[in-house]
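Colleague: Provided herewith is a single structure, encoded as structure tokens, for subsequent inquiry.
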Amino acid sequence: MESKKDNCYSPKFFTQDTCPVCKQKAKDVSIITLSSIIKKKHQKEFKSLNGFYFCKTSNCKVVYFKGFETIKQDILNIEVGLKDWTNPSTICYCFNWTKEKMNEQITKTGETNALEDIKTRMNTDKCDCEINNPSGKCCLKDVKQVIKELKE
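Numbering (the numbering used here) for the sequence shown: -19 to 132.
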């Protein structure tokens, strides 16, 4: 019979949604996103673009991963704005909102209209996050987080 102590002990677990470098949880990303973000000449290096995850940890060199297979910035068409090395740091890829632009507004007025602008334009202009945003997801959550950080 196993003791409670035996049940609590286990070797390091590997989970498919954990970045192999920074060890942070990540969200899956679609083939559509990867096909638009990875440079065409590099796409053939992968058996499949299915099953990758997006690592949004700002100081991690990995952008996408599947198991221990990683994709870094050098084979991507765009700079990943959530990563520390980017300048400008694009947060909204559909409507070109950057950390720098938001910070400039906050510095001048104490506020930014980034959220309102994005929400308004989502309904009228072409908003295509799955193709434009490296995460493949809507940017609003990230925009809110950046605004909060810039105001602190």
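Even for Gly, the Cβ is constructed at its ideal location relative to N, Cα and C.
None of these values were measured; they are calculated from a predicted model.
Using CA coordinates, which residue listed in F75, K128 and C118 is at the minimum distance from D97?
Modeller: For the purposes of this step, residue 97 is identified with residue 117 of the sequence shown, where counting begins at 1. With distances taken between Cα atoms, D97 lies closest to F75.
Colleague: Go ahead and pull the three-state DSSP assignment for C72.
Modeller: Taking the first residue of the sequence shown as 1, we reach residue 72 at position 92. Strand, per DSSP.
Colleague: On a CA-only basis, which of G116, V123 and E129 is nearest I11? Give me that one, please.
Modeller: Indexing the sequence shown from 1 puts residue 11 at position 31. Of the listed residues, the one whose Cα sits closest to I11 is G116.
Colleague: Classify T13 as buried or exposed, calling it buried when 16 or more other Cβ atoms lie within 10 Å of its own Cβ.
Modeller: The count along the sequence shown starts at 1 and reaches residue 13 at position 33. Looking at its Cβ environment, which holds 16 or more other Cβ atoms inside 10 Å, T13 is buried.
Colleague: Output the distance between the C-alpha atoms of N30 and F45, rounded to the nearest integer angstrom.
Modeller: Against the sequence shown, residue 30 aligns to sequence position 50. Against the sequence shown, residue 45 aligns to sequence position 65. C-alpha separation (whole angstroms): 11 Å.
Colleague: Below 8 Å on the Cβ atoms is my contact criterion, and I expect I17 with I58 to pass it. Report the Cβ-Cβ distance as a whole number of Å.
Modeller: Reading the sequence shown from its first residue, position 37 is the one you call residue 17. Reading the sequence shown from its first residue, position 78 is the one you call residue 58. At roughly 6 Å, the Cβ-Cβ gap stays under 8 Å, so I17 and I58 are in contact.
Colleague: Mind reading off the beta-carbon distance from V1 to F34? Whole number of angstroms is fine, and I expect it under 8 Å.
Modeller: Taking the sequence shown and counting its residues from 1, one reaches residue 1 at position 21. Taking the sequence shown and counting its residues from 1, one reaches residue 34 at position 54. The pair is not a contact, with the Cβ atoms about 13 Å apart (cut-off 8 Å).
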